[in-house]
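These notes are about the structure you will find just below.
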């Protein structure tokens, strides 16, 4: 993104309070979202969790629920579906790291799983 569009986008991020969490903020928040860990593929921090299911259809149904949650929030995870499990990663692509919104989405994802 460049030029005016990039400047407007940056302004909106800062205006909305979306900022990359520091390592200290991540360490202090992580214990409050059970089962999640921080991974750093390609040096970019992400919240990561594997959810277990009895079968493939349960895993896919969960992905659909997470997708609906993501669409509503306009914030989208990476999901990997396998028989009996779903890997979910939340991070803010624009910020190249974890934001407060990612913690909120991780909490909401766990709540879906627990319901």
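In the numbering used here, the protein residues as written are 209 to 323.
Here a beta-carbon is modelled for each residue, glycine too, at the ideal position from N, C-alpha and C.
With fewer than 16 other Cβ atoms from the protein chains shown falling within 10 Å of its own Cβ, residue 230 counts as exposed. The alpha-carbon separation between residue 227 and residue 254 amounts to approximately 14 Å. Per the C-alpha coordinates, the member of 296, 248, 251 and 282 positioned closest to residue 320 is 296. The Cβ-Cβ distance between residue 256 and residue 268 does not fall below 8 Å.
When C-alpha distances from residue 252 are compared across 313, 292, 261 and 301, the shortest belongs to 301. The DSSP-derived three-state label of residue 305 is strand.
One thing to note: residue 241 has its Cβ within 8 Å of the Cβ of residue 315. The Cβ atoms of residue 261 and residue 305 do not sit closer than 8 Å to each other.
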